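Asks:
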Amino acid sequence: MTRSLLKCWCGNSDLLPFSPGYGRCAECETLVALQVLKPQELRVKDEAGDFYGREYWFSHQQKDLGLPDLVARSRSDLSERCLYWLQTLLKYKVPPAKILEVGSAHGGWVALLRGAGFDAVGLELSPWVVEFAQRTFGVPMLTGPIEDQALASHSLDAIALLDVLEHFPDPLGTMKHCLGLLAERGVLIIQTPRYPEKSAYEKMVASQDRFLEQLKKEEHLYIFSAQSIRAFLKRLGVEFIAWEPALFSHYDMFLVASRSPLPVQPPEGIERSLSGQPQGRIVQALLDLFGRYELLHRRFLEAETDRAARLEVIRQADRQLKTLNRKIQDLEKSPLFLLLRKFRLFEILTLRPHRRARIAGFLGADPDPPSNPPAPISAVRPREVSRITIDLIPLLPGGENGGAKLLAIEMVRLLCRIRPKCQFALLTAEWNHEALSFLDAPNARRLCLASPAAGQNPPAPSVVTRPGWKHWLLQAAQFLPPALRKRLKSLYFFLYRPRGPLPNPLRAFKPQVYFCPFTLPFLSAPSIPVVSVLYDLQFLYYPYFFDRGEQLARERNFRETCRRANRIVCISEYVRQTVLENSNLPPDRVKTIPIQLAKRLPKVSEETTRTVLEKYQLRENGFFFYPANYWPHKNHPMLFTAFGILQSRRPQSPLRMVCCGALEKERSSLQRCVRRLGLGSRIRLLEFLPEEEFASLFSSCRALVFPSLYEGFGMPLVEAMELGKPVLCSRGTSLPEVAGEAALYFDPRKPESIAEALERISADERLADQLVHQGIKQSQRFRDGEKMAREYLAVFQEVLE
Amino acid sequence: MKIGFDTSQTGKNKAGCGFFADTLLCALAAQDRQNEYFLYPVFGDFFWDRDWASSTRQIPNARFSVVAPAKTLLAAKEFWSRPPADFEARLGSPDLIHANNFFCPTYLRRARLIYTLYDLSFLVCPEWSTEENRVRCFQGVFNASLHADWILAISRFTRNHFLDIFPHYPPERVTTVYPASRFVDAPAAPGPNPPACLIPGRFWLHVGSLEPRKNQLNLLKAYARLKGEGEADFPLVFAGGKGWLLDNLEDTAEALGLKENVLFLGYVEDETLAWLYQNCFAFVYPPFFEGFGLPVLEAMSLGAAVIASAVASLPEVAGPAALLVQPEDPQGLFAAMRRLQREEGLRRTLQEEGRAQARKFSWERAAAEVRSLYEEVRNCPPLFAD
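Chains A and B, in that order, are what the protein sequence lines are.
Take the first sequence: its letters are residues 124 to 924, numbered as in our numbering.
Take the second sequence: its letters are residues 168 to 553, numbered as in our numbering.
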């Protein structure tokens, strides 16, 4: 059945030993099987007994090689390898063309080629397999070795030898024959195992190289290397080779070769040939999918590598943590430590946590190390929180506080109402004590700070009007090198002191929680847990909207709040994310409780509304409404510009714009702008309105326009949705979270985007209705004030424990 | 007449705005024999050059004096945003002020204001610059539409764009004055050090800071395509410093497999730049947007064949003398580059036409137009009476 062959295809008969079944030709670097079939033994007459008969494809594959049988392969090959081969072939040869696949096995690829428009024929040694292919895929097949076939010379445009070359007993002879059948410009497409040149068998065994699977000594007779196949093809006159990435790159090589230069088909050429006929289009779709699959696979591998790397980092950190913990335990057992503890030297030496943190901050270490919450005053753990002090010191008359004031007042009301058993002490100051008398309740009373530190003005964010010592310090600081400037800033934050200790009446109250709806705890109460509400971090994202002194003050307040508050409550998830990004706080110390004040506005009668509209000479539904203090981040100039563009496009439109808000100086300056823009008759800038007038105008507007550049929540959005008004707002910061699908978004940085949105809403009734409808659904999320208050109470409860 | 001129951006490492102010000033100084100029090396509350005292443009002539009422950053912010009562006196009591860095003073009582407008790219695609820059530029242009007595646009495209956004502004007060190339078409000395590996006539050139708006990414893709087709005969050279918001263009080039074919020179001096323009195979400039596009003109003035974008002001500047492509489409750019490589005749034609096109622009003419503009503006009534 077999005889030993001692000659390589290149003619060299001096073979070096390689492995038990193979010798190595050192001249061309090919592996040669030591026992090989005779050429005539290739032919199959007895399907059961001959080597390449039926059983080669079934029991030999499964039992001997551990591979799936022919039937299984007739399914899996198509998507696994046939598409890839087709993709490669198309780069060099497009249909219509004649192609022969030598060793086509189940015929699946032949079928795919025919689908793509090639005139493809398969060839197999076993009549059974030929019949299988014809039956399964309906493809034309040839039976027997290629030398036996009656094919016209130079008639084929391509010949495919995919995992067959290594099976030929006489590769040179067979290939010569094939080339005789190949046209002048025809191509060979070859996939065959690749022997890594000069590699030693023992080394490969030791490293469990996958190439060893290819040493099938009964069937893989010649295993070429890249070097030898080049020489082999050159010997045959095939000079032009294009190497392609092998599908099974551990042990295969894949190439396209030709006697003439190989031009690469441009993708358009390939598309054109495939889309010429219906089946081709289907094949094209398969190729597209294959491409996508490959991309995803690559990405998946990248992601897995990244994931593995991260896991490694986590493991490392874990190990370090364990080491450090052990060190701490050892330290705590050391005699010195025990000595210090015995004589209570620690109590004297160590500072309270927040002072320690402040010193650390000054020294440049982590500015907000998570400190332990201070222990509650009373030794007995209360079941429910029952004494809360609420810091309303920064509350100003008028609208300067913005949304914070509304929330603070509502929170007081709600908390008092839903917990009648709980006592509330409201901290007020000279400038708001009287105005807040309406907040008094059976369980709530105001406590005025008798004399705020040195008779200071309301702590409103305001411009430094007269150069004080801070101003000169800032001037001097700009000449210092940046590192020193940073130290100076830390020193300033370190030296900052809150407004002094709790006054006596408040001490007598024995508060359990210090609630600060205006963020910064104004009084120093180190033993009482603090809950702060944070509205936004605008000073970080738009620092240039504040002067330097104001920027520093806001940053100082933020850092101080991070240090002293046990819990920071953010009014939107967006704000929470920005807080976590800009501090070292652990995520469980920062919560999100959205504002639920949809029903805040009083209902106004039609009578009142009519009067108000008359007062301001406005028509019902005849104006857009933008309630916002005239701060720079509210983006009024951009809105006016947009309105100017709108006006020039639709001079006949009667629609107006009404703005209202606090900050008188800014308002009059913007008023001048409106006048100069020629929009004096169309845009009205009103001051901060009393509640009733505000509600009247809001309920009779056409739509809410909200082009703010930066928001922490955006209460007017919810108010508009509750009133059944369409909402047009910026796409950015917290606004998409609040409005969801119920708004027409625009880019607040582009006046044309705003103008287009305004135009759309005025022209398209259906759009307006749709937005209103969705708005009503969306506003349901923000209606339940009591739920919000309960969530706050839950936070208060949490800090007590 | 006393003219206040903003020279704040004329220091070293100028960008487009700085070149305009700088070259205009020099051209004015060469022509103007009568007027007195106050040069403001610090202008506005945003732009700040630490070395303003030594690096901004100064003219060695008695009629050109440097006036800097605020000398430190904080003082400047204070002076220009919350000006003292004698603001104009401190600026030399000029008859008119010419603003060049996007800032627009809004407190002028006596002096007229001319505002140079380069482009409104920050309204087209805010992502092309930082948010702070966008806010400031918009603030400046918005104020200009309300306070500037005259707007000097550097292209008709910019002019029309401005009037589209601010339709209230009187169109007769927006004038177009074209800048010109600052190079003279004479054989450049090889300069201090043109990169030794560049062979004259055998490299593609791109000039401009590395930033998203300039679209170097698509240029790299087009060039990669050229290489894929086997037609990348010459290397691609980038001359220009790192702009903003575009990290690691080198990494992208490497990822596309172009490491050996692409050369990043960084910021180059004028001499080297002139040599590069004169000796490149062709100049490729495909930005997404421009207010004028000075590099196109510079290239043409030194005899380079030009491929440019067909958007914004570039068709106006390049005229018929360049191959125009859509900047979003690397395929079109690739096709143009390949065409230029294959058709030597086309390249020669573009070089000739480019020279002729560049001759239509001149700084002498620009300076003369600006001088007569100064006269007109000084005598015109203020934009708003209130």
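Ideal Cβ positions, reconstructed from N, Cα and C, are used throughout, including at glycine.
Here the structure is a predicted model, which means the values were calculated and not measured.
Residue 777/A: which of 651/A, 566/A, 597/A and 805/A sits nearest, CA to CA?
Replies: 805/A
Asks: Which partner residues of residue 373/B appear in the DSSP bridge assignment?
Replies: Looking at the DSSP assignment, residue 373/B forms a beta bridge with 405/B.
Asks: Quick test of your reading: residue 781/A and residue 807/A, contact by CB under 8 Å. State the CB separation rounded to the nearest angstrom.
Replies: That pair is a contact at about 5 Å.
Asks: Run down chain B in chain order and give the residues with a C-beta less than 8 Å from the C-beta of residue 597/A.
Replies: Chain order gives the chain B residues near residue 597/A as 241, where near means a beta carbon separation below 8 Å.
Asks: Got a sec: is the Cβ-Cβ distance from residue 767/A to anything in chain B below 7 Å?
Replies: yes
Asks: Under three-state DSSP, which class holds residue 168/B?
Replies: coil
Asks: Given a cut-off of 7 Å, decide if residue 869/A and residue 846/A are closer than it, judged by their beta-carbon atoms.
Replies: In this structure, residue 869/A does not lie closer than 7 Å to residue 846/A by Cβ.
Asks: Work out the CA separation of residue 756/A and residue 854/A for me, nearest whole Å.
Replies: 14 Å
Asks: Expressed to the nearest angstrom, what Euclidean distance is found between the alpha-carbon atoms of residue 210/A and residue 391/A?
Replies: 14 Å
Asks: Looking at residue 515/A and residue 549/A, is the spacing between their C-beta atoms short of 7 Å?
Replies: yes
Asks: Roughly how many whole angstroms lie between the Cα atoms of residue 254/B and residue 895/A?
Replies: So the two alpha carbons sit approximately 52 Å from each other.
Asks: Should residue 299/B be flagged as near chain A, meaning a C-beta pair shorter than 7 Å?
Replies: yes
Asks: Please list, in chain order, the chain B residues whose beta carbon lies closer than 8 Å to that of residue 801/A.
Replies: 335
Asks: Counting only beta-carbon atoms, is residue 794/A nearer than 7 Å to chain B?
Replies: For residue 794/A, no CB of chain B lies under 7 Å from its own CB, so it is not counted at the interface with that chain.
Asks: If contact is defined by three or more beta carbon pairs under 8 Å, each pair taking one atom from either stretch, is the stretch 186 to 193 of chain B in contact with the stretch 901 to 914 of chain A?
Replies: no
Asks: Do residue 448/B and residue 368/B have their C-beta atoms within less than 7 Å of each other?
Replies: A Cβ-Cβ contact shorter than 7 Å links residue 448/B with residue 368/B.
Asks: In this structure, how does DSSP classify residue 497/B when only helix, strand and coil are distinguished?
Replies: Three-state DSSP puts residue 497/B in a helix.
Asks: Would you please state the rounded distance, in angstroms, between the beta carbons of residue 264/A and residue 245/A? I believe it to be under 8 Å.
Replies: Right, the Cβ-Cβ distance comes to about 5 Å (below 8 Å), so this counts as a contact.
Asks: Do the CB positions of residue 611/A and residue 600/A come within less than 7 Å of each other?
Replies: For residue 611/A and residue 600/A, yes; Cβs fall inside 7 Å.
Asks: Comparing alpha-carbon positions, which option in 384/B, 311/B, 428/B and 423/B lies nearest residue 365/B?
Replies: 428/B
Asks: Just mark residue 331/A as buried or exposed, buried being the case when its beta carbon has 16 or more other beta carbons within 10 Å.
Replies: Label assigned to residue 331/A: exposed.
Asks: Distance cutoff 7 Å, beta carbons only. Does residue 771/A sit that close to anything in chain B?
Replies: With 7 Å as the cut-off, residue 771/A counts as an interface residue toward chain B.
Asks: Do we get a CB-CB distance below 7 Å when we pair residue 873/A with the residues of chain B?
Replies: By this cut-off, residue 873/A is an interface position.
Asks: Label residue 509/B either buried or exposed according to how many other C-beta atoms from any shown protein chain fall within 10 Å of its C-beta, with 16 as the threshold for buried.
Replies: exposed
Asks: With distances taken Cα to Cα, identify the nearest neighbour of residue 340/A among 461/A, 658/A, 509/A and 174/A.
Replies: 174/A
Asks: Which residue or residues does DSSP assign as beta-bridge partners of residue 452/B?
Replies: 475/B
Asks: Using a 10 Å radius around the Cβ and a threshold of 16 neighbouring Cβ atoms, would you call residue 366/A buried or exposed?
Replies: exposed
Asks: Output the boundary residues of the alpha helix (DSSP H) element that contains residue 221/A.
Replies: Here residue 221/A belongs to no alpha helix (DSSP H); instead the beta strand (DSSP E) covers 221 to 225.
Asks: In this structure, does DSSP put residue 527/B in helix, strand or coil?
Replies: coil
Asks: Among 836/A, 766/A, 767/A and 754/A, which has the Cα closest to the Cα of residue 811/A?
Replies: Of the candidates 836/A, 766/A, 767/A and 754/A, the residue whose Cα lies closest to the Cα of residue 811/A is 754/A.
Asks: Quick one: list the residues of chain A neighbouring residue 318/B, beta-carbon separation under 9 Å, in chain order.
Replies: Those within 9 Å of residue 318/B in chain A number zero; the least Cβ separation is about 14 Å.
Asks: Between residue 309/B and chain A, is the shortest Cβ-Cβ distance under 7 Å, so that the two count as touching?
Replies: yes
Asks: Using a Cβ-Cβ cut-off of 7 Å, state whether residue 551/B counts as contacting chain A.
Replies: Taking Cβ atoms only, chain A reaches closer than 7 Å to residue 551/B, which makes this a yes.
Asks: As a quick exercise: from 709/A, 453/A, 764/A and 380/A, pick the residue whose alpha carbon is nearest that of residue 875/A.
Replies: 764/A
Asks: At which residue ranges does the stretch 652 to 723 of chain A contain complete beta strand (DSSP E) runs of 3 or more residues, listed in the order of the chain?
Replies: Every beta strand (DSSP E) stretch that sits fully inside the stretch 652 to 723 of chain A and reaches 3 residues is listed by chain position as 653 to 657, 690 to 693 and 713 to 715.
Asks: Which same chain residues end up closer than 6 Å to residue 492/B when comparing Cβ atoms and leaving out the 5 residues on each side of it in sequence?
Replies: 499, 500 and 503
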